[in-house]
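Engineer:
Set out below in structure tokens:
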């Protein structure tokens with residue numbers, strides 16, 4: 004083998020055994036997500052139930068609850084409608100009797116257990132405010148009936164709760 008071929012062979016072996024000098028480019032990229040505000044009512048709340056009372060009882064109280072789940076840090080207001088009573092307002096709600104009974108029993112819903120602060124639907128004024136924690140929160144609803152001297156019957160009303168955030 005000629006000297007030239009030997010030199011080429013040695014160079015080829017050396018090149019094959021040495022590390023590659025190839026370029027190793029890099030890049031960067033973002034990992035992103037946007038969490039949006041949200042509030043929902045969850046199952047598990049309870050109706051306001053005044054129970055069974057005699058017409059001579061004079062008054063009755065009851066309580067129930069709503070379950071709300073809002074994104075952590077999201078401020079919210081929960082409002083309650085006037086209900087379905089004929090002339091009902093958020094400050095003068097009424098429960099209707101069944102069938103031919105035209106009596107409507109007046110009642111009130113309150114934001115606190117002392118039953119002094121009416122719960123209405125004006126955001127920031129008559130609503131219940133809170134801040135979401137990212138887990139379900141219980142919000143209590145308190146009610147009272149001032150008088151029970153009405154026709155013996157089952158009375159009810161439907162209230163719509165709305166969460167504004």
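Residue numbers (this note's numbering): 4 to 168. No residue lacks a Cβ here, since even glycine has one placed at the ideal position from N, Cα and C. Note that the coordinates shown come from a computational prediction; the quantities given were computed from them, not determined experimentally.
Do residue 47 and residue 165 have their beta-carbon atoms positioned less than 8 Å apart in this structure?
Structural biologist: no
Engineer: Can you tell me the Cα-Cα spacing of residue 127 and residue 45, whole angstroms?
Structural biologist: Cα atoms of residue 127 and residue 45: separation of roughly 22 Å, rounded to the nearest angstrom.
Engineer: I believe residue 119 touches residue 113 by the beta-carbon criterion, under 8 Å. Please report the beta-carbon distance rounded to the nearest angstrom.
Structural biologist: 7 Å
Engineer: Let me check one thing: in DSSP terms, what residues is residue 96 bridge-paired to?
Structural biologist: 110
Engineer: First and last residue of the beta strand (DSSP E) that includes residue 44?
Structural biologist: Counting along the chain, residue 44 sits inside the beta strand (DSSP E) bounded by residues 42–49.
Engineer: Let me know if residue 75 comes out buried or exposed under the rule of 16 or more other beta-carbons within 10 Å of its beta-carbon.
Structural biologist: exposed
Engineer: When you compare the stretch 153–163 with the stretch 59–71, are there three or more beta-carbon pairs, one atom per stretch, that lie closer than 8 Å?
Structural biologist: With a cut-off of 8 Å on Cβ pairs, the stretch 153–163 is not in contact with the stretch 59–71, counting fewer than three such pairs.
Engineer: From 101, 167, 161, pick the residue whose C-alpha is nearest to that of residue 133; which is it?
Structural biologist: 167
Engineer: DSSP three-state label for residue 60, please.
Structural biologist: coil
Engineer: Within the same chain, show all residues whose beta-carbon is closer than 6 Å to that of residue 77, passing over the 5 residues directly before and after it, in chain order.
Structural biologist: These residues qualify, in order along the chain: 40, 135, 168.
Engineer: According to DSSP, which residues form a beta bridge with residue 131?
Structural biologist: For residue 131, which the question treats as bridged, DSSP gives the partners 81.
Engineer: So the beta strand (DSSP E) residue 143 belongs to, where does it begin and stop?
Structural biologist: For residue 143, the enclosing beta strand (DSSP E) begins and ends at 140–148.
Engineer: What does the alpha-carbon distance come out to for the pair residue 68 and residue 30?
Structural biologist: Whole-angstrom Cα-Cα distance: 54 Å.
Engineer: From the DSSP output, in three-state form, read off residue 157 for me.
Structural biologist: In this structure, residue 157 counts as coil in the three-state DSSP scheme.
Engineer: Which residues share a DSSP beta bridge with residue 166?
Structural biologist: Note: residue 166 sits in a beta bridge opposite 81.
Engineer: Should residue 117 go down as buried or exposed, given a rule of 16 or more other Cβ atoms within 10 Å for buried?
Structural biologist: exposed
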